[in-house]
Amino acid sequence: MLAAGLAGCAGAAPELEADTASKLQQRVLEVTRSAASSNPAAALTSLDRLSAELDAAAAAGQVSFKRHRSIVAAISAVRADLTAAQAAKKKAADAAAKAAAAKAAATKAAATAKPSPVPSPVVVVPAPVPAPAPANGGPQDNSGKGSSEGNKGAGKNKD
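First residue of the sequence shown: 2, per the numbering used here; consecutive thereafter.
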């Protein structure tokens, strides 16, 4: 009877034992580091370990039911964020891989395609300028063309 009375005076059990709190904080730090380094897969793995250790500590009486529920709610929220980040990272990686494949295919197609003929440059040559006509001031040679005076009156039908 005395033992029962003393147990009642001892006070309520802590919501989270100090040693358990330290271990759980180490797991939370692992999750944080992985998430900060853009590695959601590793963060989810660390979060799974945190959840398993929390459940084991609760089963051993090292974490109160109320505290366990609040930590599980926080873990669920973080898990949702990490899962979304992991899906976004996978989508971005898939898009990058698709773009790289398209670029490689385009490069290969360009390398195997026959080059289209390059038109030769067209050279425009200006037309030659005609030589200037001789000026009328110089002597002219009219030989062989006949003279208008030597043939006067010697045309047809002039008898």
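Cβ atoms here follow ideal geometry from the backbone N, Cα and C, with glycine treated the same way.
Scanning 48, 104, 63 for the CA closest to the CA of residue 20 turns up 63. Counting C-beta pairs closer than 8 Å gives fewer than three between the region 60-78 and the region 88-108, which falls short of the contact rule.
Your pair residue 48 and residue 69 does not check out as a contact, with CB atoms roughly 16 Å apart and the cut at 8 Å. Boundaries of the alpha helix (DSSP H) around residue 87: 66-113.
CA-to-CA, the gap between residue 37 and residue 112 works out to about 42 Å. Shortest Cα-Cα distance from residue 82 to any of 25, 105, 102, 33 involves 33. Between the alpha carbons of residue 74 and residue 104 lies a gap of roughly 45 Å. Ranked by Cα distance from residue 45, the first of 60, 57, 29 is 29.
Between the alpha carbons of residue 99 and residue 26 lies a distance of about 40 Å. Within the model, the alpha-carbon separation for residue 121 versus residue 131 is close to 30 Å. For residue 36, the uninterrupted alpha helix (DSSP H) segment begins and ends at 19-37. The alpha-carbon of residue 61 is positioned some 14 Å away from that of residue 24. Residue environment for residue 58: buried (at least 16 other C-beta atoms within 10 angstroms of its C-beta).
A direct Cα-Cα distance of roughly 31 Å separates residue 76 from residue 97.
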